[in-house]
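Taking it in order: structure first as structure tokens, then the write-up.
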Ligand SMILES: Cc1cc2nc3c(=O)[nH]c(=O)nc-3n(C[C@H](O)[C@H](O)[C@H](O)COP(=O)(O)OP(=O)(O)OC[C@H]3O[C@@H](n4cnc5c(N)ncnc54)[C@H](O)[C@@H]3O)c2cc1C
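Numbering (the working numbering), first residue to last: 14 to 434.
Spelled out as structure tokens, the structure:
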């Protein structure tokens with residue numbers, strides 16, 4: 014029997030293993046995939062490396078930063094994302110940089126911004142109202158309402174507001190006016206610096222931590238017997254534990270347990286999330302990537318967001334090449350179109366946006382991620398608490414983005430592993 018079993022070799026699981034080892038506890042980490050890293054992981058095709066969605070580190074803790082930079086050092090980027098809206102490119106945040114828009118639309122946005130409803134943010138429960146109060150009706154309806162459908166797969170009226178935090182910038186009238194004359198130089202993004210490993214893709218932030226850890230790959234947990242303290246894997250093998258730490262999604266772990274009360278099952282199945290495709294493109298040209306990342310508001314273009322792996326680090330592409338990865342998201346309750354259809358529509362739309370020509374493409378790939386973002390419906394907190402309380406009562410420590418069912422960035426999932434160890 015091993016002291017600790019950790020389910021999942023993403024950043025939360027690796028952090029739990031690393032910090033446990035430092036504290037003198039040996040763990041075995043079991044991972045369903047054939048490689049470690051979870052959402053921090055990557056894949057390579059013909060010399061082009063792609064992360065599993067856009068990833069940068071903006072960990073505030075100095076010791077974490079040092080650890081993450083430990084194997085290859087970090088590139089530092091000042092985040093100046095862009096926005097694509099009806100053929101115009103607007104620096105982010107769009108409402109601070111309206112300059113490229115036609116005058117009539119600027120007037121509509123500014124007039125509605127001035128006339129926006131007044132209400133304290135903490136008194137607003139629904140995201141659609143929050144958006145109208147922050148930005149005014151015209152901007153809210155044409156930008157974030159559309160983006161919510163693309164990124165979250167639901168209407169803004171279906172979301173609550175506690176998750177927003179620093180993620181959305183709220184401008185004042187001077188900034189809106191200034192930006193409507195000329196694009197502004199100031200970085201309004203919530204993190205002023207974004208770090209990315211010089212080599213090896215994003216998951217290199219974990220190189221130091223994972224050294225010496227016992228990570229067993231292709232081990233998908235399928236059943237947990239809490240009385241016998243035993244986990245069974247899809248290959249028929251089993252392992253006993255003293256302590257069990259899980260980073261698995263809450264709706265999944267509940268299906269692995271016996272005699273789960275109906276209320277817990279119902280709560281778990283009421284937790285919603287997004288899933289999505291990564292459309293990864295490598296080019297035989299050095300100049301396709303222009304922005305670290307950009308958002309697309311047009312709803313007839315499938316991706317919500319596109320980022321440039323080679324701008325994150327040139328190590329992600331062969332010499333003389335560039336790359337893009339488009340992210341296309343869906344609500345987990347909706348019908349997801351087939352990969353070939355999404356790939357074809359995404360590539361055609363991006364060609365239509367003037368980003369590249371078909372002949373430039375050297376690598377073209379599409380993959381599906383079953384779990385991307387937690388969806389903050391108004392009942393999330395209640396339902397999540399029911400499931401977490403039940404797991405706690407069984408002695409299962411559940412951590413990480415999907416184990417705590419929260420909007421965690423990598424350093425927060427890492428902190429979960431540190432805390433539990
Ligand atoms: C689109 C997108 C962009 C993001 N961008 C950023 C960013 O720029 N910066 C940032 O800091 N964070 C970002 N994040 C968040 C970041 O990816 C997560 O916080 C972090 O990777 C979560 O790590 P985790 O270990 O909790 O979960 P995961 O990475 O999901 O790890 C869980 C692991 O468990 C494994 N597993 C699942 N089921 C089983 C099973 N039955 N048996 C065994 N193993 C199993 C999975 O394969 C996986 O490896 C982004 C997330 C998304 C979706």
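Glycine is no exception: its CB is placed at the ideal position from the N, C-alpha and C atoms.
Candidates 254, 207, 129: which alpha carbon is nearest residue 43's?
Along the chain shown, read from residue 1 onward, the residue named residue 43 stands at position 30. The shortest C-alpha separation from residue 43 is found at 254.
Does ligand 1 have a heavy atom nearer than 7 Å to the CB of residue 386?
Counted from its first residue, the chain shown places residue 386 at position 373. Yes; taking the cut-off as 7 Å, the Cβ of residue 386 has a heavy atom of ligand 1 nearer than that.
Alpha carbon to alpha carbon, what distance is there between residue 166 and residue 346?
Within the chain shown, numbered from 1, the residue matching residue 346 stands at position 333. Within the chain shown, numbered from 1, the residue matching residue 166 stands at position 153. Using only the alpha carbons, I get a separation of about 9 Å.
Excluding the 5 residues preceding and the 5 following residue 317 in the sequence, name in chain order all residues of the same chain whose CB lies nearer than 8 Å to its CB.
As a position in the chain shown, residue 317 is number 304, starting the count at 1. Cβ neighbours of residue 317 beyond the five flanking positions: 160, 163, 164, 308, 309, 340, 341, 342.
Measure from the alpha carbon of residue 462 to the alpha carbon of each residue in 33, 275, 175, 16, then state which is nearest.
No information on residue 462 is available, as it lies outside the stretch 14 to 434 that the chain covers here.
Residue 51: which of 401, 382, 420 sits nearest, CA to CA?
Translated into the one-based positions of the chain shown, residue 51 becomes position 38. Residue 51 has its Cα closest to that of 382, out of 401, 382, 420.
To which residues does DSSP link residue 64 through a beta bridge?
If you number the chain shown from 1, residue 64 lands on position 51. Looking at the DSSP assignment, residue 64 forms a beta bridge with 55.
Simplified DSSP state of residue 345, which is helix, strand or coil:
Counting from 1 along the chain shown, the entry for residue 345 is found at position 332. If DSSP states are grouped into helix, strand and coil, residue 345 belongs with coil.
By Cβ distance, which residues of its chain are closer than 6 Å to residue 413, with the 5 residues on each side in sequence left out?
In the chain shown, the residue the question calls residue 413 occupies position 400. Counting only Cβ-Cβ distances below 6 Å, and skipping sequence neighbours, we find 25, 260, 426, 429.
Please classify residue 193 as buried or exposed, where buried requires at least 16 neighbouring CB atoms within 10 angstroms.
Stepping through the chain shown from its first residue, residue 193 is reached at position 180. So residue 193 counts as buried.
What is the rounded straight-line gap between the Cα of residue 22 and the Cα of residue 268?
Stepping through the chain shown from its first residue, residue 22 is reached at position 9. Stepping through the chain shown from its first residue, residue 268 is reached at position 255. Cα to Cα, the separation comes out at about 20 Å.
Quick test of the definition: if touching needs 3 or more C-beta pairs under 8 Å, does the segment 119-133 touch the segment 220-231?
no
Taking the beta strand (DSSP E) that residue 227 belongs to, which residues open and close that run?
Here residue 227 refers to the residue found at position 214 of the chain shown. It spans 227-229 - the beta strand (DSSP E) in which residue 227 sits, taken as one unbroken run.
What three-state label does DSSP hand residue 332 in the structure shown?
Your numbering for residue 332 matches position 319 in the chain shown. The answer is coil: DSSP assigns residue 332 none of H, G, I, E or B.
Helix, strand or coil: which one does DSSP assign to residue 240?
What you label residue 240 is simply residue 227 of the chain shown in a count that begins at 1. In this structure, residue 240 counts as coil in the three-state DSSP scheme.
If I measure Cβ to Cβ from residue 419 and keep anything under 7 Å in the same chain, skipping five residues before and after, which residues do I get?
In the chain shown, residue 419 corresponds to position 406, counting from 1. These residues qualify, in order along the chain: 387.
Can you round the beta-carbon distance between residue 256 and residue 16 to whole angstroms, since I take them to be within the 8 Å contact cut?
Counted from its first residue, the chain shown places residue 256 at position 243. Counted from its first residue, the chain shown places residue 16 at position 3. With a Cβ gap of about 7 Å, residue 256 and residue 16 count as contacting.
Do residue 210 and residue 286 have their beta-carbon atoms positioned less than 8 Å apart in this structure?
By one-based count along the chain shown, residue 286 stands at place 273. By one-based count along the chain shown, residue 210 stands at place 197. No, these two residues do not count as a Cβ contact at 8 Å.
Where do the ends of the beta strand (DSSP E) carrying residue 378 lie?
Residue 378 sits at position 365 when you count from the first residue of the chain shown. Unbroken beta strand (DSSP E) run through residue 378: 374-382.
Any heavy atom of ligand 1 within a distance shorter than 7 Å of the CB on residue 90?
One-based indexing of the chain shown puts residue 90 at position 77. Outside the cutoff, so no.
Cα-Cα separation, residue 60 to residue 325
Residue 60 sits at position 47 when you count from the first residue of the chain shown. Residue 325 sits at position 312 when you count from the first residue of the chain shown. If I take the Cα positions, the gap works out to 15 Å.
Residues in the same chain with beta-carbon distance under 6 Å from residue 149, minus the five sequence neighbours each way, listed in chain order, please.
Numbered from 1 along the chain shown, position 136 holds the residue referred to as residue 149. 125, 126, 129, listed in sequence order.
Whole angstroms are fine: how far does the CA of residue 108 sit from the CA of residue 152?
Residue numbering aside, residue 152 sits at position 139 when the chain shown is read from its first letter. Residue numbering aside, residue 108 sits at position 95 when the chain shown is read from its first letter. Those two C-alpha atoms are separated by around 8 Å.
List the residues that DSSP assigns as beta-bridge partners of residue 87.
Against the chain shown, residue 87 aligns to sequence position 74. The partner list for residue 87 (beta bridge, DSSP) reads 210.
How far does the alpha helix (DSSP H) with residue 79 in it extend, from its first residue to its last?
As a first step, residue 79 must be located in the chain shown, where it is residue number 66. Where residue 79 is concerned, the enclosing alpha helix (DSSP H) stretches over 75-82.
Based on Cα-Cα distance, which residue from 423, 401, 276, 111 lies nearest to residue 217?
For the purposes of this step, residue 217 is taken as the residue at position 204 of the chain shown. Out of 423, 401, 276, 111, 423 has the C-alpha closest to the C-alpha of residue 217.
Residue 418 by DSSP, collapsed to three states: which one?
Start at 1 with the first residue of the chain shown, and residue 418 comes out as number 405. Looking at residue 418 - three-state DSSP - the assignment turns out to be coil, as it is neither helix nor strand.
Opening and closing residue of the beta strand (DSSP E) in which residue 304 lies:
Sequence index remark: in the chain shown, residue 304 carries index 291 (1-based). Neither: residue 304 is in no beta strand (DSSP E) and is coded neither H nor E.
Taking C-alpha atoms, which residue in 369, 333, 290, 82 lies nearest to residue 349?
Position 336 of the chain shown holds residue 349. The shortest Cα separation from residue 349 among 369, 333, 290, 82 belongs to 290.
Classify residue 262 as buried or exposed, calling it buried when 16 or more other Cβ atoms lie within 10 Å of its own Cβ.
One-based indexing of the chain shown puts residue 262 at position 249. It is buried - the Cβ of residue 262 has at least 16 other Cβ atoms within 10 Å.
So is residue 396 buried or exposed if we call it buried at 16+ other beta carbons inside 10 Å?
For the purposes of this step, residue 396 is taken as residue 383 along the chain shown, with counting starting at 1. The residue is buried, with at least 16 neighbouring Cβ atoms inside 10 Å.
Per-residue burial, residue 359 [other beta carbons within 10 Å of its own, 16 or more giving buried]
For the purposes of this step, residue 359 is taken as residue 346 along the chain shown, with counting starting at 1. Residue 359 is buried by the Cβ-count criterion.
Mind listing, in chain order, the continuous alpha helix (DSSP H) runs of no fewer than 4 residues lying wholly within the segment 128-207?
140-148, 150-155, 157-164, 186-194
Which term fits residue 147, buried or exposed, when burial requires 16 or more other beta carbons within 10 angstroms of its beta carbon?
For the purposes of this step, residue 147 is taken as residue 134 along the chain shown, with counting starting at 1. Looking at its Cβ environment, which holds 16 or more other Cβ atoms inside 10 Å, residue 147 is buried.
My guess is that residue 233 and residue 34 are in contact by the Cβ rule of under 8 Å, so how many angstroms apart are they, rounded?
Your numbering for residue 233 matches position 220 in the chain shown. Your numbering for residue 34 matches position 21 in the chain shown. No, residue 233 and residue 34 are not in contact; Cβ-Cβ is about 24 Å, not under 8 Å.
Compute every distance between the C-beta of residue 431 and the non-hydrogen atoms of ligand 1, then say whether any falls below 7 Å.
Reading the chain shown from its first residue, position 418 is the one you call residue 431. For ligand 1, not one heavy atom lies less than 7 Å from the Cβ of residue 431.
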